[in-house]
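Engineer:
In mature numbering (1 follows the signal peptide of the UniProt record, and there is no 0), the protein residues as written are -42 to -1, 1 to 327.
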């Protein structure tokens, strides 16, 4: 078992009596009850983010429940020859983890051999059924306490099967984040657009080159020509090859059901990285965004301090103590918030909502009361 050691205290796993005849295994709630009453073996990953194990360490006629402890914001779980069940305990790698967490899981290609449940206070909610990989977009849900319960399904042979999935555990609870996770096809409100500019993993201005569809993954890929790169967390957008007019090129994903089609003109594209891929968040027309920001600025409701130069249509954050624009070499990381939280008043948001911002020394911050 790579990167894991068995906890001290004898044989790992809560043993389940041998069934009288071949057939379906015990219900998942009974397996979970066995853990609560009798305990289970514990496995600790050496890198705290990922775990890989095998059901071949168990005796074939016994049902065992293993507990896996991971303390990380993202990682992978791979369970070869699954038998019995796993309880995967997830915690973020922070000193004071937020109580409001969002967990996303994405089955690995070819994953089979087990059902995946969300376990909370003894209750189980089916998330991924064995063999049902669903669309490429990973399901996300609130994750306050509990863990993932992975139950092996009965098999007629001993052919190799692997149940595997990636996970992401974040404390995102802002408007544009929830919009992207829960209603990706709905247009963003003005409030969500303004917050997306402050909190997204990428913010760019550009046009749509083409849209391609991947029905097998239930996804659409939007290929972009980017004229302004305000921020990107990963190298999603790269300089265009020589002779193609400069700027940057890149692609972002969205759900096929959204029915995205190429549109004329320039847009402001925002979004987040999701399992290593860029996913589209809010994407208003750039001229509409200018109007939104100007209106919010006049009323003192802009969530982060930005300068909008109408002549060059350049959006960036203003450095501390200055109203001048940042040089282009700093634009990539400029549009962000300096303080640890802000209070934003608008009818779409709860009064006095505290929303996290990234700490950056480059930009000033606007608090509204």
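Glycine is no exception: its CB is placed at the ideal position from the N, C-alpha and C atoms. Keep in mind that this is a model prediction, so the values were computed, not measured.
When DSSP labels each residue in this structure, what does residue 13 get in the three-state scheme?
Structural biologist: Here the question's residue 13 lines up with position 55 in the chain shown. Reduced to three states, the DSSP call for residue 13 is helix.
Engineer: Determine whether the beta carbon atoms of residue 59 and residue 102 lie at a separation below 8 Å.
Structural biologist: By one-based count along the chain shown, residue 59 stands at place 101. By one-based count along the chain shown, residue 102 stands at place 144. Contact: yes.
Engineer: Looking at the secondary structure, which residues open and close the alpha helix (DSSP H) in which residue 244 lies?
Structural biologist: Taking the chain shown and counting its residues from 1, one reaches residue 244 at position 286. Counting along the chain, the alpha helix (DSSP H) containing residue 244 begins and ends at 244 to 256.
Engineer: Quick one: what's residue 367 bridged to in DSSP?
Structural biologist: A query on residue 367 cannot be resolved here, the shown segment of the chain reaching from -42 to 327 and no further.
Engineer: Residue range of the beta strand (DSSP E) that residue 230 falls in?
Structural biologist: Looking up residue 230 in the chain shown gives position 272. Note, residue 230: beta strand (DSSP E), 225 to 232.
Engineer: Kindly indicate which three-state DSSP category residue 216 falls into: helix, strand or coil?
Structural biologist: Sequence index remark: in the chain shown, residue 216 carries index 258 (1-based). Helix.
Engineer: Nearest-angstrom Cα distance between residue 150 and residue 222?
Structural biologist: Indexing the chain shown from 1 puts residue 150 at position 192. Indexing the chain shown from 1 puts residue 222 at position 264. Looking at the two C-alpha atoms, the distance is approximately 23 Å.
Engineer: How close, in whole Å, do the beta carbons of residue 99 and residue 44 come, if the pair is a contact with beta carbons under 8 Å?
Structural biologist: Reading the chain shown from its first residue, position 141 is the one you call residue 99. Reading the chain shown from its first residue, position 86 is the one you call residue 44. That belief does not hold up - the Cβ atoms of residue 99 and residue 44 are roughly 19 Å apart, past 8 Å.
Engineer: How about residue 218 and residue 180: do their beta carbons lie closer than 8 Å?
Structural biologist: Position 260 of the chain shown, counting from 1, holds the residue named residue 218. Position 222 of the chain shown, counting from 1, holds the residue named residue 180. Yes, the pair counts as a contact, with Cβ atoms nearer than the cut-off.
Engineer: Among residues of its own chain, excluding the 5 on either side of residue 8, which ones have a beta-carbon nearer than 6 Å to its beta-carbon?
Structural biologist: Residue numbering aside, residue 8 sits at position 50 when the chain shown is read from its first letter. Only 33 and 34 meet the Cβ criterion.
Engineer: If you measure between the beta carbons of residue 207 and residue 196, is that distance less than 8 Å?
Structural biologist: Mapped onto the chain shown, residue 207 falls at position 249. Mapped onto the chain shown, residue 196 falls at position 238. Yes, Cβ-Cβ distance for residue 207 and residue 196 is below 8 Å.
Engineer: Got a sec? Which residues, its chain only, sit under 8 Å from residue 285 by beta carbon, not counting five neighbours each side?
Structural biologist: Against the chain shown, residue 285 aligns to sequence position 327. Low local confidence applies: a pLDDT of 31 at residue 285 is under 50, so the model's placement there is unreliable, with the coordinate-based value given in what follows. Taking C-beta separations shorter than 8 Å and ignoring five residues to either side along the sequence, residue 285 has no partners in its chain.
Engineer: Between the beta-carbon of residue 71 and the beta-carbon of residue 121, is there less than 8 Å?
Structural biologist: Taking the first residue of the chain shown as position 1, residue 71 is located at position 113. Taking the first residue of the chain shown as position 1, residue 121 is located at position 163. Yes, the Cβ-Cβ distance between residue 71 and residue 121 is below 8 Å.
Engineer: Measure the Cβ-Cβ separation of residue 161 and residue 188 and say whether it is below 8 Å.
Structural biologist: Walking along the chain shown from the start, residue 161 turns up at place 203. Walking along the chain shown from the start, residue 188 turns up at place 230. Going by C-beta atoms, residue 161 is nearer than 8 Å to residue 188.
Engineer: Kindly indicate the opening and closing residues of the alpha helix (DSSP H) around residue 153.
Structural biologist: The residue given as residue 153 occupies position 195 in the chain shown. Element bounds for residue 153: 148 to 157.
Engineer: By DSSP's criteria, residue 125 is part of a beta bridge. Which residues make up the other side?
Structural biologist: The residue labelled residue 125 in the question sits at position 167 within the chain shown. The partner list for residue 125 (beta bridge, DSSP) reads 33 and 63.
Engineer: Check each candidate in 52, 146, 86 and 80 and name the one with the smallest Cα separation from residue 129.
Structural biologist: By one-based count along the chain shown, residue 129 stands at place 171. Across the set 52, 146, 86 and 80, the C-alpha of 52 shows the shortest separation from the C-alpha of residue 129.
Engineer: Identify the residues that DSSP records as bridge partners of residue 178: which are they?
Structural biologist: Taking the first residue of the chain shown as 1, we reach residue 178 at position 220. DSSP, once it has assigned bridges, lists 171 and 212 as partnering residue 178.
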